[in-house]
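> Heads up: the sequence shown begins at 5 in the working numbering, then just goes up one per residue. Just dropping this structure here.
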Amino acid sequence: MKSLLFLFFVFFFGKISSFGLDWPTYGGPQNNHTSQEKSLRLDWGDEEPDILWKHEVGLGYSSVIEVDGLAYTQGFKNKKNTLFCVDAKSGDIKWTHSYDSALGDKYFQGGSRSTPTIAKGKVYLQGHEGPLFCLNARTGKLVWKTHLVKDLDGRCPTWGYAGAPLFTNEKIVVQTGSPHGSLVALDAQTGKKIWRGGRVEAGYASPYVRKANQNEVVVFNQAGLSIHDLGTGQEKISYQHRTRYEVNAAQPLDLGHKILVASGYGKGAALLDLEGSQPSVLWESEGVACQMASLVYREGWAYGIHGQTGANANRATLFCLELTEGRKTWEERGYGVGTVILINKTLAVLSDRGELALVDASPDGFNEVARFQVLGGKNNWTPLTYANGRMHCRSSSGTWVCLAMGKK
Numbered sequence: 005m006k007s008l009l010f011l012f013f014v015f016f017f018g019k020i021s022s023f024g025l026d027w028p029t030y031g032g033p034q035n036n037h038t039s040q041e042k043s044l045r046l047d048w049g050d051e052e053p054d055i056l057w058k059h060e061v062g063l064g065y066s067s068v069i070e071v072d073g074l075a076y077t078q079g080f081k082n083k084k085n086t087l088f089c090v091d092a093k094s095g096d097i098k099w100t101h102s103y104d105s106a107l108g109d110k111y112f113q114g115g116s117r118s119t120p121t122i123a124k125g126k127v128y129l130q131g132h133e134g135p136l137f138c139l140n141a142r143t144g145k146l147v148w149k150t151h152l153v154k155d156l157d158g159r160c161p162t163w164g165y166a167g168a169p170l171f172t173n174e175k176i177v178v179q180t181g182s183p184h185g186s187l188v189a190l191d192a193q194t195g196k197k198i199w200r201g202g203r204v205e206a207g208y209a210s211p212y213v214r215k216a217n218q219n220e221v222v223v224f225n226q227a228g229l230s231i232h233d234l235g236t237g238q239e240k241i242s243y244q245h246r247t248r249y250e251v252n253a254a255q256p257l258d259l260g261h262k263i264l265v266a267s268g269y270g271k272g273a274a275l276l277d278l279e280g281s282q283p284s285v286l287w288e289s290e291g292v293a294c295q296m297a298s299l300v301y302r303e304g305w306a307y308g309i310h311g312q313t314g315a316n317a318n319r320a321t322l323f324c325l326e327l328t329e330g331r332k333t334w335e336e337r338g339y340g341v342g343t344v345i346l347i348n349k350t351l352a353v354l355s356d357r358g359e360l361a362l363v364d365a366s367p368d369g370f371n372e373v374a375r376f377q378v379l380g381g382k383n384n385w386t387p388l389t390y391a392n393g394r395m396h397c398r399s400s401s402g403t404w405v406c407l408a409m410g411k412k
């Protein structure tokens with residue numbers, strides 16, 4: 005059985021075609037924090053990447069997206085969140101869009117949370133208190149706006165709305181947390197409600213379309229995993245995975261007919277088989293505690309950050325996970341509660357202290373091939389973005405650095 009499970013992983017993921025070079029939403033083109041771009045330079049030696057440009061955008065954790073030569077992120081300053089659109093090559097600011105916002109600094113420094121999404125010439129932007137905007141991606145002109153709380157009866161979670169809007173099938177799908185429909189689909193052109201479904205409070209992870217069924221959306225809410233029909237919003241599958249403080253923030257790792265959920269706060273991970281009418285648990289482990297950073301997958305193995313912010317953050321580890329039994333083949337300290345993306349065959353890790361490291365994505369052993377100090381401060385929890393040979397790094401204090409990291 006274990007051998008068949010391993011062969012399934014290799015076969016399923018071996019069939020995925022190469023992704024585009026742009027990075028249009030949180031987690032990249034496939035919502036899985038992965039790029040198949042082969043341009044990443046690895047032979048740095050004593051050299052460091054050139055800084056193409058740098059901006060100060062304000063407090064927050066919104067990651068960067070890059071589409072059609074433009075890059076976007078948002079940050080908080082002077083009682084406003086502001087979305088920045090810049091030329092990805094030169095860093096020239098093309099336009100900004102600001103809106104009133106509270107800092108939202110309960111137990112941390114606060115600032116923006118959600119990452120914008122680009123689709124068909126429009127940018128969809130969500131604020132942590134509930135505003136949702138559709139803007140022209142080239143000009144910043146407002147197309148429509150709504151509010152998850154005021155207009156859609158949402159219940160804002162303790163640490164604010166953090167998930168990125170999902171664009172699919174001409175719909176925008178967001179978690180509202182409303183008891184009358186906690187997941188909502190809106191017409192992407194008009195913002196008008198199409199359906200609502202579920203009754204569970206909103207989590208902090210971004211929804212995405214399921215690999216095994218493109219007509220389903222995967223949601224990680226405060227209660228755990230929910231899978232909804234994209235046509236109607238009806239909840240089809242659910243799995244209870246509730247943590248202390250109701251925090252589910254790392255995106256579940258989609259393995260086709262199996263999904264790996266992982267959280268911090270003492271809960272850990274569970275690999276779920278979804279081929280039946282309800283999930284069956286293949287294994288569970290408190291030793292795979294992904295508080296915020298999502299897991300990535302390569303050729304039968306998963307990679308991520310295990311650990312918790314606070315007094316024991318220095319004990320966090322980067323790890324490689326064998327998926328049939330949930331066994332770690334290696335783990336290494338030195339990154340704190342950082343984040344991980346996968347670029348072709350290489351892990352790009354941003355430590356919580358602002359170090360960018362390149363590590364082989366291999367189960368054969370830990371091998372770090374490069375490390376650079378790219379950001380200052382601490383609590384740098386925003387995932388990296390790699391697009392068209394450019395690495396976008398964003399600190400919690402608002403420093404946005406774009407590095408040239410493609411092969412020359």
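For every residue, glycine included, the Cβ atom is placed at its ideal position computed from N, Cα and C.
Please classify Asn140: does DSSP put it in a helix, a strand, or coil?
Here Asn140 sits in strand by DSSP.
> Check whether the stretch 37-52 touches the stretch 338-353, taking contact to mean three or more Cβ pairs, one atom from each stretch, closer than 8 Å.
Yes, since at least three Cβ pairs between the stretch 37-52 and the stretch 338-353 fall closer than 8 Å, the two stretches touch.
> Give the DSSP-derived three-state secondary structure of Ala391 in the structure shown.
Strand at Ala391.
> Which residue from Cys160, His132 and Val344 puts its Cα closest to that of Ala106?
It is His132 whose Cα lies nearest to the Cα of Ala106.
> What whole-angstrom Cβ distance do Ser293 and Gln312 have, given they're in contact under 8 Å?
Reading off the sequence, residue 293 comes out as Ala, not Ser. Contact flag correct, Cβ pair sits at about 7 Å.
> Identify every residue that forms a DSSP beta bridge with Phe88.
DSSP, once it has assigned bridges, lists Thr77 and Thr100 as partnering Phe88.
> Taking 6 Å as the limit between beta carbons, can you name the residues of its chain near Tyr390, skipping five residues before and five after?
Here the set comprises Ser39 and Ile347.
> Less than 8 Å between the C-beta atoms of Ser186 and Val204, yes or no?
Yes; because the gap between Cβ atoms is below 8 Å, this pair is in contact.
> Would you kindly work out how many angstroms separate the C-alpha atoms of Arg319 and Gly340, rounded to a whole number?
Their Cα atoms are separated by approximately 7 Å.
> To the nearest angstrom, how far is the alpha carbon of Lys271 from that of Glu288?
If I take the Cα positions, the gap works out to 9 Å.
> For Gly108, count the other beta carbons within 10 Å of its own beta carbon; 16 or more makes it buried, fewer makes it exposed. Which is it?
Result: buried.
> Rounding to the nearest angstrom, what Cα-Cα distance links Tyr269 and Cys397 in this structure?
One C-alpha to the other measures close to 27 Å.
> Helix or strand or just coil, what does DSSP make of Arg248?
The answer is helix: DSSP assigns Arg248 an H, G or I state.
> Once you ignore the five residues that flank Ala141 on each side, which residues in its own chain have a CB closer than 6 Å to its CB?
Excluding sequence neighbours, Ala141 sits near Ile122, Gly125, Lys126 and Val127.
> Would you mind giving the Cβ-Cβ distance between Leu87 and Pro120, rounded to the nearest angstrom? I have them listed as a contact below 8 Å.
About 6 Å separates the two Cβ atoms, so the contact holds.
> According to DSSP, is Arg319 part of a helix, a strand, or is it coil?
It is helical.
> Rounded to the nearest angstrom, what separates Leu388 and Thr29 at their Cα positions?
Distance between the alpha carbons of Leu388 and Thr29: 12 Å.
> Three-state secondary structure (DSSP) at Gln179?
Reduced to three states, the DSSP call for Gln179 is strand.
> Let me check one thing: in DSSP terms, what residues is Asp364 bridge-paired to?
Paired residue(s): Thr350.
> Go to Arg375, then tell me how far its beta strand (DSSP E) extends in each direction, as first and last residue.
Here the beta strand (DSSP E) through Arg375 covers Glu372 to Gln377.
> What's the gap between the Cα of Met395 and the Cα of Val251?
Distance between the alpha carbons of Met395 and Val251 is about 29 Å.
> Just to confirm the assignment, what range does the beta strand (DSSP E) spanning His184 have?
Neither: His184 is in no beta strand (DSSP E) and is coded neither H nor E.
> Ordered along the chain, which non-local residues of its own chain (more than five positions away) have a Cβ less than 6 Å from that of Asn392?
Contacts found: Leu25.
> Are the beta-carbon atoms belonging to Phe80 and Ser116 less than 8 Å from one another?
Yes, the pair counts as a contact, with Cβ atoms nearer than the cut-off.
> With distances taken between CB atoms, is the gap from Gly158 to Gly181 smaller than 8 Å?
Yes; because the gap between Cβ atoms is below 8 Å, this pair is in contact.
> What first and last residue would you give for the beta strand (DSSP E) that runs through Lys197?
Where Lys197 is concerned, the enclosing beta strand (DSSP E) stretches over Lys197 to Gly201.
> For the beta strand (DSSP E) that contains Leu44, what are its first and last residues?
Here Leu44 belongs to no beta strand (DSSP E), and DSSP marks it neither H nor E.
> So what does DSSP say about Gln130, is it helix, strand or coil?
Three-state result, Gln130: strand.
> Based on Cα-Cα distance, which residue from Ala361, Leu276, Glu329 and Gly380 lies nearest to Thr4?
A query on residue 4 cannot be resolved here, the shown segment of the chain reaching from 5 to 412 and no further.
> Please report the distance separating the alpha-carbon of Pro211 from that of Glu220.
Looking at the two C-alpha atoms, the distance is approximately 10 Å.
> So, using beta-carbon positions, are Tyr307 and Ala365 closer together than 8 Å?
Cβ distance < 8 Å, so Tyr307 and Ala365 count as in contact.
> Cα separation between Leu327 and Lys98?
Going from the Cα of Leu327 to the Cα of Lys98 covers about 45 Å.
> Give me the DSSP bridge partner(s) of Ala266.
Its beta-bridge partners are Ala273.
> Given this structure, state the Cα-to-Cα distance separating Ser22 from Glu335, to the nearest angstrom.
Note on Ser22: pLDDT 39, under 50, position unreliable in the model; the coordinate value appears next. For Ser22 and Glu335, the distance between alpha carbons rounds to 28 Å.
> Going by CA-CA distance only, name the one from Cys406, Thr386 and Leu190 that's closest to Gly114.
For Gly114, the nearest C-alpha among the options comes from Thr386.
> Are the CB atoms of Leu275 and Ile241 within a distance shorter than 8 Å?
Contact flag unset, no.
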